[in-house]
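Numbering (this note's numbering), first residue to last: 157 to 430.
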């Protein structure tokens, strides 16, 4: 009997503040991990569906989506789509997700729909065939039931923070939510790291924010900082990750460094767990 691949590491990208580079990070980190040999599934849990669009999946082509997965109308394996990036797949989202919270609010497993879907995926023939090593969950910009589902299903959370004046505002609320989920729903959950985004080295404020966040959060902050970069902003309009649109731009190179740093942290976590 063939051995099943090792279960994937599930990381949620979450921040209740919008415009911090969360979806951009999901798209480009997923692409960077795939580029260095990992097999990655991006699960789009944001009703806006920007991660799906940024990975080249048009609205009209989405068919089964994460709404059908979480509502129980299809399996995660049925919703997964290939992307133009080798070793990268996506489970797309649609605006139907906006109504999901009301639909499942009274069910006993409302916080575990995604966890159950991922566990079912790891028992599927598709998983035997593809053997994902990482699952990245792109959360909506709010701490709602969709985000709770993501945190309940994840090993760790990755927090994008924009290099702006109010960067740390709201972070304490997110960290408090993580602790609540850890206590009540998912004892494994941890903070994988905080990634600073939209950094402008010419801006004194950006430099001050980097210093403040590192002083406050210490080793939780990744060494890699994602610069403000025009090519990163342009790429989604072409339905491509920045690494496909312009591999040599500063943003693409930063996401490759971040992917390497995440894998290094994963190795340390596994050594500690062993």
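Ideal placement from N, C-alpha and C gives every residue a C-beta, glycine not left out.
Here the structure is a predicted model, which is why all the values come from computation and not from measurement.
Residue i, enclosing alpha helix (DSSP H) - first and last residue
i           : result
residue 333 : 327 to 340
residue 291 : Counting along the chain, residue 291 falls outside any alpha helix (DSSP H), though it belongs to the beta strand (DSSP E) covering 290 to 294.
residue 284 : 281 to 286
residue 221 : Looking at the DSSP string, residue 221 is not in any alpha helix (DSSP H), and its letter there is neither H nor E.
residue 258 : 256 to 260
Cβ pair residue i, residue j closer than 9 Å
i           : j           : result
residue 183 : residue 397 : yes
residue 317 : residue 353 : yes
residue 180 : residue 350 : no
residue 186 : residue 226 : no
residue 313 : residue 334 : yes
residue 277 : residue 310 : no
residue 365 : residue 323 : yes
residue 206 : residue 330 : no
residue 199 : residue 270 : yes
residue 248 : residue 231 : no
residue 293 : residue 416 : no
residue 315 : residue 327 : yes
residue 289 : residue 164 : yes
residue 213 : residue 246 : yes
residue 201 : residue 305 : yes
residue 252 : residue 203 : yes
residue 166 : residue 274 : yes
Residue of the options minimising C-alpha distance to residue i
i           : options               : result
residue 177 : 420, 411, 424 and 338 : 411
residue 379 : 216, 414, 210 and 310 : 414
residue 369 : 359, 339, 341 and 321 : 321
residue 217 : 224, 209 and 223      : 209
residue 381 : 424, 299, 267 and 356 : 356
residue 257 : 400, 303 and 243      : 303
residue 375 : 239, 348 and 392      : 348
residue 237 : 197, 391, 407 and 339 : 197
residue 195 : 213, 243, 204 and 175 : 243
residue 285 : 162, 419, 422 and 300 : 162
residue 372 : 395, 425 and 325      : 325
residue 295 : 174, 360, 386 and 287 : 174
residue 228 : 363, 240 and 272      : 272
residue 395 : 281, 241, 219 and 235 : 241
residue 281 : 239, 234, 223 and 224 : 234
residue 363 : 332, 408, 267 and 319 : 319
residue 189 : 425, 424 and 420      : 420
DSSP three-state assignment for residue i, whether helix, strand or coil
i           : result
residue 313 : strand
residue 246 : strand
residue 412 : helix
residue 382 : strand
residue 318 : strand
residue 162 : coil
residue 358 : coil
residue 269 : helix
residue 238 : strand
residue 404 : coil
residue 214 : coil
residue 305 : helix
residue 300 : coil
residue 396 : coil
residue 278 : coil
residue 364 : helix
residue 323 : coil
residue 157 : Its pLDDT being 35, under 50, residue 157 is placed unreliably in this model, and the value from its coordinates should be taken loosely. DSSP places residue 157 in coil when its eight states are reduced to three.
residue 208 : helix
residue 343 : coil
First and last residue of the uninterrupted beta strand (DSSP E) at residue i
i           : result
residue 353 : 346 to 355
residue 375 : That residue, residue 375, is in no beta strand (DSSP E); it is neither H nor E in DSSP.
Cutoff 9 Å: residue i Cβ touching any chain B Cβ
i           : result
residue 274 : Considering every chain present, this structure includes no chain B. It has just one protein chain.
- Item | Entirely enclosed beta strand (DSSP E) segments - the region 165 to 204, minimum 3 residues | Taking only runs of at least 3 residues, the beta strand (DSSP E) segments lying wholly in the region 165 to 204 are 165 to 169 and 196 to 200.
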